[in-house]
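Here you go:
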């Protein structure tokens with residue numbers, strides 16, 4: 002038995018999204034059935050629709066920044082009840098048994114976590130469908146609580162963009178007085194400014210182009226450094242404990258290495274591919290610096306971030322759209338023409 | 002006033018080394034005057050003689066793995082007395098005032114530490130001359146104690162090769178049960194095997210060529226992985242907490258990234274230059290892995306290592322030569338024809 006749910010889907014590779022009924026599983030005892038209220042649009046939605054990383058499954062219902070309300074719960078569900086505000090991020094399951102899962106780092110599951118869409122359920126092997134949909138059905142262990150008072154539209158991007166920045170900020174132990182820099186001011190970068198600021202860090206934005214100063218300051222940056230201006234780069238030489246690089250394409254990382262402090266780390270979260278131009282080891286060796294990577298975050302740290310955001314009133318800056326405008330939004334996203342994240346009001350699906 | 006000391010020096014770039022009297026400073030109140038007994042030969046001696054890194058000062062007396070005996074001490078010297086066994090490593094001074102120096106990380110001195118040779122003294126601006134010399138004069142703060150019972154010939158390479166491996170092993174918190182791999186079996190690599198083993202780690206050697214198995218096991222490796230054998234590489238996928246890469250030339254680091262565990266680090270200590278072929282960020286991001294660098298070690302950690310080596314009986318495997326054979330030793334070093342470090346018996350200088 003399955004449930005038919007109205008969704009927006011890409012029927013085939015590189016195709017436009019259009020309405021489609023898809024079949025979701027009948028709820029299992031540990032499942033939470035969620036009415037989707039808002040769903041953020043992530044760059045990776047477009048990458049997967051276009052099969053940029055290979056292995057895409059069609060029809061594809063994207064969306065892994067899901068905010069909703071609980072419609073029903075299975076008899077084994079303990080932490081949620083009908084009417085609760087909940088979130089679902091990039092994962093809907095994992096092996097729950099490997100070293101990473103046991104540490105609450107399901108994003109690094111040795112047996113690969115189950116992605117919210119473009120993947121297959123571990124138990125029944127049905128395709129997973131994301132949040133561009135009226136309903137989503139997720140095992141309790143991968144459902145997040147959304148704190149009261151948090152703006153629901155702005156909370157949606159926390160589930161991917163937010164946790165992608167939060168996890169390295171926490172892992173690299175950012176605290177009051179830490180020197181943190183964020184490279185790039187997009188969906189990821191703007192969350193980096195907000196979260197690092199709220200954690201008490203002194204926050205710098207690296208940007209290639211001027212004109213972002215006022216926005217960057219409003220979002221939490223105390224300093225803006227134009228990375229193409231050698232004088233400005235020299236002025237921050239050796240400064241940063243942590244740089245989070247959100248740029249989604251190949252770019253020269255060497256200039257940023259010079260701005261790391263002793264023992265500092267440059268953490269790449271936006272670009273999957275070869276580091277070109279190539280990295281030079283001299284600054285790494287002579288300053289015990291590191292280039293590292295990080296992907297989203299585990300379920301416990303995602304809940305921790307949501308609670309933190311509830312307490313500090315941190316949400317994403319969003320532009321709310323109707324689902325019917327999703328294809329246009331993808332085009333604008335490619336041109337970075339969004340401040341700073343599109344969020345779909347899923348009520349529009351019924352319209 | 003200066004003191005004339007018999008030495009072996011390179012009179013000019015790329016020239017052979019030959020006997021030369023050089024002038025060292027008259028001892029200052031905080032100086033220790035040391036009779037050099039043994040001096041190790043480091044790859045970087047040859048690099049600097051050849052001016053591979055630019056800025057070399059000639060005549061050059063190389064040598065920064067110095068073991069000696071105290072001949073006299075200045076009136077301000079507190080920790081040493083005539084007759085003490087002492088060591089001098091790669092540095093003879095630093096600013097002692099910056100953040101790094103205050104943490105005992107003089108190797109990362111923000112104002113650049115003073116190198117044992119091929120540099121200039123911070124106070125009198127005289128050139129520094131290394132350990133291929135009958136005597137060396139060093140401020141007390143940069144002189145190390147050599148524990149009783151440690152073989153002096155074998156102890157010499159601890160001052161550079163040893164500390165170069167010890168510092169990352171400690172910084173990355175290697176302990177009993179840690180999974181450690183060493184890439185390359187030379188002067189640095191063989192110290193990595195010995196030290197990691199003595200620290201209680203499970204130690205693997207990555208080698209490009211077979212035939213090193215027996216030696217590697219004797220030195221401390223429990224496992225030997227031929228890095229050109231994909232099957233062997235696959236068998237250690239995701240295993241290592243720390244890989245220390247001692248290879249002194251450009252090489253593909255990507256295969257090693259796959260063998261790092263979640264949160265693992267590949268630490269480059271042997272190669273200064275561009276990472277080519279270029280690094281791929283995918284394993285970094287999907288396993289929160291890091292590529293880092295490290296250089297020698299600070300004075301406190303060098304003393305800590307020497308004390309550890311005294312307790313565990315760890316010294317370098319050396320081939321002792323006469324100073325008259327240093328040019329031949331350089332040639333053999335280039336062919337990796339040494340197990341595993343040349344050490345000059347400085348008594349030969351009088352011969």
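Residue numbers (the numbering used here), protein chains in the order written: chain A, 2 to 352; chain B, 2 to 352.
All C-beta atoms in this analysis are idealised placements derived from N, C-alpha and C, irrespective of residue type, glycine included.
Owing to the predicted nature of the structure, the values given are computational and were not obtained by experimental measurement.
In this structure, the alpha-carbon of residue 322 of chain B lies about 39 Å from that of residue 98 of chain B.
Counting along the chain, residue 26 of chain A sits inside the beta strand (DSSP E) bounded by residues 19-26. Residue 64 of chain B is not a Cβ neighbour of residue 36 of chain B, given a cutoff of 8 Å. When the beta-carbon positions are compared, residue 213 of chain A and residue 186 of chain A come within less than 8 Å of each other. With 16 or more other CB atoms across the displayed protein chains lying within 10 angstroms of its CB, residue 205 of chain A is buried. The beta carbon of residue 276 of chain B sits closer than 8 Å to some beta carbon of chain A.
Along the length of the segment 33-115 of chain A, whole alpha helix (DSSP H) runs at least 4 residues long occupy 44-50 and 100-103, reported in chain order. Following the DSSP letters along the chain, one finds residue 320 of chain B inside the beta strand (DSSP E) bounded by residues 319-323.
Judged by their CB atoms, residue 316 of chain B and residue 77 of chain B are not nearer to each other than the 8 Å cut-off. Taking 8 Å as the CB threshold, residue 289 of chain A lines the interface with chain B. The secondary-structure analysis by DSSP pairs residue 231 of chain B with nothing; it has no beta-bridge partner. Secondary structure note for residue 241 of chain B: its beta strand (DSSP E) is the uninterrupted segment 241-246.
Residue 163 of chain A has its alpha-carbon roughly 26 Å from the corresponding atom of residue 237 of chain A. Under the Cβ distance rule, residue 303 of chain A does not count among the residues neighbouring chain B, no pair being separated by less than 8 Å. Not one beta carbon of chain A lies nearer than 8 Å to the beta carbon of residue 245 of chain B. One alpha carbon belongs to residue 5 of chain A, the other to residue 53 of chain A, and they sit about 29 Å apart. Using a Cβ-Cβ cut-off of 9 Å, residue 269 of chain B is close to 282, 285 and 286 of chain A, given in chain order. A Cβ-Cβ separation of about 45 Å leaves residue 335 of chain B out of contact with residue 106 of chain A under the 8 Å criterion. Judged by DSSP secondary structure, residue 135 of chain B falls outside any beta strand (DSSP E); it is assigned neither H nor E.
One thing to note: residue 285 of chain B has its Cβ no nearer than 8 Å to the Cβ of residue 293 of chain B. Taking 8 Å as the threshold, the shortest C-beta distance from residue 257 of chain B to chain A does not fall below it. Residue contact with chain A for residue 181 of chain B: absent (no Cβ-Cβ distance below 8 Å to any residue of chain A).
Separation of residue 301 of chain A and residue 169 of chain A (C-alpha to C-alpha, rounded to the nearest whole angstrom) is 14 Å. Within chain A, the residues whose beta carbon sits less than 9 Å from that of residue 294 of chain B are 282, 283, 284, 285, 286, 287, 288, 289, 290 and 291, listed in sequence order. Per DSSP, residue 168 of chain A is one residue of the alpha helix (DSSP H) stretching across 162-172.
Per the Cβ contact rule, the segment 111-125 of chain A is not in contact with the segment 170-189 of chain A (fewer than 3 Cβ pairs under 8 Å). Collapsing the DSSP output to three states places residue 295 of chain A in coil. Residue environment analysis places residue 22 of chain A among the exposed positions, since fewer than 16 neighbouring C-beta atoms fall within 10 angstroms of its C-beta.
Chain order gives the chain B residues near residue 101 of chain A as 263, where near means a beta carbon separation below 7 Å. Using a CB distance cut-off of 8 Å, residue 170 of chain A does not count as an interface residue toward chain B.
Buried is the label assigned to residue 289 of chain A, since at least 16 other Cβ atoms lie within 10 Å of its Cβ.
Within chain B, the C-beta atoms nearer than 9 Å to that of residue 266 of chain A come from 291 and 293, in chain order.
Ranked by Cα distance from residue 94 of chain A, the options A:110, A:79, A:216 and A:83 are led by A:110. With a threshold of 8 Å between beta carbons, residue 279 of chain B makes contact with chain A.
Residues of the segment 102-113 of chain B whose Cβ lies closer than 9 Å to any Cβ of chain A, in chain order: 104, 106, 108, 109 and 111. Identification of chain B residues near residue 272 of chain A by a Cβ-Cβ cut-off of 7 Å yields 282, ordered along the chain.
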